[in-house]
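With my numbering applied, the sequence shown covers 1 to 325.
Step one of this worksheet: look at the structure below.
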Amino acid sequence: MSDLCSPPLSAVPDLWFDDGNIVIVAGSWSFRLRRGILAFQSSVFRDMFSLPPSGSQDVYDGCPLINVSDDPNDMEHFLKAVYFPQYFPPGISQEVEFGVLRAVLGLAQKFDVPFLRRRALCILSDAYSTDADGVPSLSTPSWRGRRDHPSLDCLLAEIALAREVNAIWLLPRLYYEVSYADASDIIIGCQEASDKELRNSVLILCFAGLQRIRAAFEPNFMINPASSCSSRAKCTQRRWIAFGKTFHLRDTPQLFFSYSFTEDVDSGACASCQVAIITDLHTRRKELWDAIPGFYGLLDWDRLKEMKREETSLKGSAWGEVICS
1 MSDLCSPPLS AVPDLWFDDG NIVIVAGSWS FRLRRGILAF QSSVFRDMFS LPPSGSQDVY
61 DGCPLINVSD DPNDMEHFLK AVYFPQYFPP GISQEVEFGV LRAVLGLAQK FDVPFLRRRA
121 LCILSDAYST DADGVPSLST PSWRGRRDHP SLDCLLAEIA LAREVNAIWL LPRLYYEVSY
181 ADASDIIIGC QEASDKELRN SVLILCFAGL QRIRAAFEPN FMINPASSCS SRAKCTQRRW
241 IAFGKTFHLR DTPQLFFSYS FTEDVDSGAC ASCQVAIITD LHTRRKELWD AIPGFYGLLD
301 WDRLKEMKRE ETSLKGSAWG EVICS
């Protein structure tokens, strides 16, 4: 055994326990930890610790030393999530930074920490619903009015993470979100992506999917009054106003705006037309949503949802977490 004293390592204060009995090093950062906790949570570390010590085992500060190749910041987030329950609690989708989520999920998968992987997948899944009703609606039919739309860089990073951890139920919604971006932004963003395979596949999938969505998006149902319409001339006029506000969405189709645009119909249309346009809109919305996975060459929603249930279920865990919907 050799007790390393150079190069100097920087101890991470929150993860340097006086009673720790193992030192993990990532880059120049060191973590002195209680190996029992890590072994209990991670099968990879448990197997690693079970190996008999060799004569060449490095030692640091009197403890066996293990070097990992992971980013030090990522390792800090991951280890804090393991040792401090309040650092990465369930149900924090609105507060957690993506960098923290990516680090915890990626390393939970690598080191096989099931409860953290499940928790991170639930948080990520909450942001990208597999149900049409879970898609945020716009107050107007103009997709350009959506202020909370994630950046293309963020979407590409989330796509890469979903692929890395095989969370493919997230991909239909993520690919659809990319369709909000201008074509030039998609090309530039994909060119700047560090992962060329990701860049090329996203570029091909999103443009092909966008063409299929455009073909499927037919707002013509807004034009013709209901068969039981009691004021055809007036209702036709109101429907054409609503149609004019949605036709431009063919370039970047967004069927998931709220029903407030139908006020243009409601303000002067008969009761039959008011009911018919809401019913038709709901039907078209569901038809488009059901077809979206196929537009991108993915499994249908039923199979994707089953995968989601399998990957985010508690599977007999006693951690007392809520299964994500």
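Note that the Cβ used here is the ideal one computed from N, Cα and C, for glycine as well.
Item                                                                                                                                                                         : Value
Looking at Ala-167: is its Cβ nearer than 8 Å to the Cβ of Glu-311?                                                                                                          : yes
What residue range is occupied by the uninterrupted alpha helix (DSSP H) comprising Phe-111?                                                                                 : That residue, Phe-111, is in no alpha helix (DSSP H); it is neither H nor E in DSSP.
State the Cα-Cα distance for the pair Gly-20 and Trp-289, rounded to the nearest angstrom.                                                                                   : 52 Å
To the nearest angstrom, report how far apart Leu-156 and Gln-211 are at their CA atoms.                                                                                     : 20 Å
Which value, in whole angstroms, describes the spacing of the CA atoms of Ser-258 and Cys-206?                                                                               : The predicted position of Ser-258 is uncertain, since its pLDDT is 46 and thus under 50; a value taken from the coordinates is nonetheless stated next. Straight-line Cα distance between these residues: approximately 24 Å.
Write down every uninterrupted run of the alpha helix (DSSP H) in the region 49–106 whose length is 4 residues or greater and which is fully enclosed by it, in chain order. : 72–83
Quick one: give me the first and last residue of the beta strand (DSSP E) that Arg-309 is part of.                                                                           : Taken as a continuous stretch (DSSP letters only), Arg-309 belongs to no beta strand (DSSP E), being part of the alpha helix (DSSP H) at 301–312.
How far does the beta strand (DSSP E) with Ala-26 in it extend, from its first residue to its last?                                                                          : 22–26
Using the Cβ count rule (16 or more neighbours within 10 Å means buried), how would you classify Gln-41?                                                                     : buried
Ala-11 by DSSP, collapsed to three states: which one?                                                                                                                        : strand
Quick one: Cα of Trp-240 to Cα of Pro-90, how far?                                                                                                                           : 47 Å
From Pro-172 to Ser-50, what distance separates their C-alpha atoms?                                                                                                         : 42 Å
Just the C-alpha distance for Phe-295 and Ile-213, rounded to the nearest angstrom, thanks.                                                                                  : 7 Å
Using the beta-carbon count (16 or more within 10 Å), is Arg-102 buried or exposed?                                                                                          : buried
Would you kindly work out how many angstroms separate the C-alpha atoms of Ser-272 and His-282, rounded to a whole number?                                                   : 16 Å
Do Leu-203 and Tyr-128 count as a contact pair if the criterion is CB distance below 8 Å?                                                                                    : no
Compare the beta carbon distance of Ala-108 and Phe-84 with 8 Å and say whether it is the shorter of the two.                                                                : no
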